[in-house]
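Under our numbering, the first residue of the sequence shown is numbered 14, with each subsequent residue one higher. Even for Gly, the Cβ is constructed at its ideal location relative to N, Cα and C. Since we're looking at a predicted model, the values are computed, not measured.
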Amino acid sequence: MATAHSRARDQAISEYVAFLKSQGGEGWPDFNVSNFDKLLAPPKLTVILRIFHAAFDLVFPYLKADLFNRVPGRTIAMDATFKFLSKTKNDKGSSEETKCLHIVYGQYGYLMTWGFSGPENDECFQRLLWHLRKRCERLGQEHVDAVRASYSDTCCQGLQDPTTHWITKIFPNCKRAPHKDLFHAGKKLTDATQPLHELSPVFNQLVTSSLLKFDQSSVNHVVKYYLKNTKQNLALELAREQMMKLKVWRNKVKNYAPPRDKVETDLREAYATIETEDFKLKHAKSLEGEGYLPLLLSAKRGVRLGTENELKNLLLHVKKGCCEDPFPLEDINVAVDPHDNFTDFVRDRGTSQGESFHRLLNQLVNELTIQGAELGHKKLWLRGTRFNLAKDLLLQKLLKIEKMQGLADSQPTD
14 MATAHSRARD
24 QAISEYVAFL
34 KSQGGEGWPD
44 FNVSNFDKLL
54 APPKLTVILR
64 IFHAAFDLVF
74 PYLKADLFNR
84 VPGRTIAMDA
94 TFKFLSKTKN
104 DKGSSEETKC
114 LHIVYGQYGY
124 LMTWGFSGPE
134 NDECFQRLLW
144 HLRKRCERLG
154 QEHVDAVRAS
164 YSDTCCQGLQ
174 DPTTHWITKI
184 FPNCKRAPHK
194 DLFHAGKKLT
204 DATQPLHELS
214 PVFNQLVTSS
224 LLKFDQSSVN
234 HVVKYYLKNT
244 KQNLALELAR
254 EQMMKLKVWR
264 NKVKNYAPPR
274 DKVETDLREA
284 YATIETEDFK
294 LKHAKSLEGE
304 GYLPLLLSAK
314 RGVRLGTENE
324 LKNLLLHVKK
334 GCCEDPFPLE
344 DINVAVDPHD
354 NFTDFVRDRG
364 TSQGESFHRL
374 LNQLVNELTI
384 QGAELGHKKL
394 WLRGTRFNLA
404 KDLLLQKLLK
414 IEKMQGLADS
424 QPTD
């Protein structure tokens, strides 16, 4: 039985339609109150998905062509993420096959390929890199030979001799195991401390500056531009300190990973410094009759390794060269616009460039409870293509120059 509200709505609709027709609205559909909701209501989810799948089928050949004609360049980075697949179920309703999304990136962080498996494991990465090698062979053996270094959070995986790593069998010009991503290397050490401690920022800074340093000539060059651009009358040291706090300016400064001996020395000194400060603070608190939780944590069997043991583990990788740069300073820091003296640099280092792709994937599932495997995979294809095309746009000047240099190198000489 119609309510007073629905009757009023129907009357308003009828009057509005009559008004439109009186104004010559011949283009309007011939509907009445009874079919108004059916004709003008937003489509249901099933209809939207049917349109999505049909549109995806039209563009899928182009998505594949774009991805399968990309080559990694000189570096490969391997990373894994869990959140996207934690909200994706496969067709059999089992989560075993869709626990971990393994992702392979190329130079400058371009997305190269991906695969699904249970826990993060080497076997999945081996298969992905083998297929990537076959792609490179199809496009030219020079693309296989171009790959000279790799990165992974697990780096040498405890091998005594990093040159025996399996990746050297797939890409022969990779002469050793993957290098370690410096951000994750430092984070693993700093995470092994008391959370939210007042000394945490100091320790974090000491560890970061031990693993990665800014090139001083590049810093001075950009500081002068910073002073000119901001029109500030500051001493050089103060301007440098102020500038380096801003990411927009740090991206314009070249950085590098120091030699392994230097890293080891700096890390040991950083630990000794913070250990002394930790003890002093503990002593001061005890004099005031206050309790104190130390920053540096001791080992606890079955629970944690402890800060000192995490440092020892990191130093083992440092000694094997896992934290060194595989290329010289000028090759690691690549100018986004080579013709601009104050351009940003893209770092040909680590797995961190892929973190932005992780965030894009997570945005797709943040509001979801669960999604089907077919829909999830199609979203992955679309988001991956968009990610690569956005990089093309960002690096268009650099890529254009590299292409011209490649053409020049291929020309025969007298």
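Your pair Val-347 and Asp-361 checks out as a contact, with CB atoms roughly 6 angstroms apart and the cut at 8 angstroms. Residue state for Cys-137 is assigned as helix, using DSSP reduced to three classes. Taking a C-beta distance under 8 angstroms as the contact criterion, Val-236 and Arg-253 qualify as a contact pair. Residue range 273-300 is occupied by the alpha helix (DSSP H) that includes Ala-285. Contact between the region 194-201 and the region 353-368 is present: 3 or more CB-CB pairs across the two stretches fall below 8 angstroms. Ile-89 sits in a strand when the DSSP states are folded into three classes. Your pair Glu-290 and Leu-212 checks out as a contact, with CB atoms roughly 6 angstroms apart and the cut at 8 angstroms.
Apart from sequence neighbours up to five positions away, the residues of its chain that approach Ser-223 with a beta-carbon distance below 7 angstroms are Val-276, Asp-279, Leu-280 and Ala-283, ordered along the chain. In this structure, the straight-line span from the alpha carbon of Asp-274 to that of Lys-332 is close to 7 angstroms.
The DSSP assignment places complete beta strand (DSSP E) segments of no fewer than 3 residues inside the region 133-212 at 162-165, in order along the chain. DSSP links Gln-384 through a beta bridge to Thr-101. Scanning Lys-410, Ser-299, Asp-405 and Leu-308 for the CA closest to the CA of Asp-353 turns up Lys-410. Taken in chain order, the complete alpha helix (DSSP H) segments of 4 residues or longer contained in the region 242-266 are 249-256 and 260-263. Gly-389 and Thr-101 do touch by the CB rule: their CB atoms are close to 4 angstroms apart, below 8 angstroms. With distances taken between CA atoms, Leu-98 lies nearest to Gly-128 out of Gly-128, Val-84 and His-234. Per DSSP, the beta bridge partners of Lys-313 are Arg-317.
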